[in-house]
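Numbering (this note's numbering), first residue to last: 336 to 418.
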């Protein structure tokens, strides 16, 4: 009689009303990590951005909005009343 194998670890764990993914394929992990590092985002921020900009969802990019706001802050203010 063979011993029953250990129960495999679940791929998702409960986290409140959501499920937390605890396993990714290596290629997905590497690309997500590179995207997060390139744009200085957290993992959840990177996933959120990628989901928003997916063609099936087609929401505006929050990353582009953040970059535009930063560029606007770095521009010198123009005065409307110049002599």
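Just so it is clear, CB atoms sit at the ideal spot from N, CA and C, and this is done for glycine as well.
Rounded C-beta distance between residue i and residue j? I'm assuming under 8 angstroms.
i, j, result
"residue 408", "residue 396", "Incorrect: roughly 18 angstroms between the Cβ atoms, too far for contact."
Can you check which of these residues, the options, is closest to residue i by C-alpha distance?
i, options, result
"residue 401", "352, 390, 353, 376", "376"
"residue 379", "362, 354, 393", "354"
"residue 371", "351, 403, 381", "381"
"residue 363", "385, 351, 342, 406", "385"
"residue 398", "351, 392, 373", "373"
So residue i is in the alpha helix (DSSP H); what residue range does that whole segment cover?
i, result
"residue 398", "397-409"
"residue 386", "378-387"
"residue 369", "361-373"
CB-CB under 8 angstroms to residue i, same chain, minus the five flanking residues each way: which ones, in chain order?
i, result
"residue 392", "386"
Under DSSP, the beta strand (DSSP E) around residue i begins and ends at which residues?
i, result
"residue 348", "347-350"
Going by beta carbon distance, what residues of the same chain come within less than 6 angstroms of residue i, once the five residues before and after it are set aside?
i, result
"residue 369", "none"
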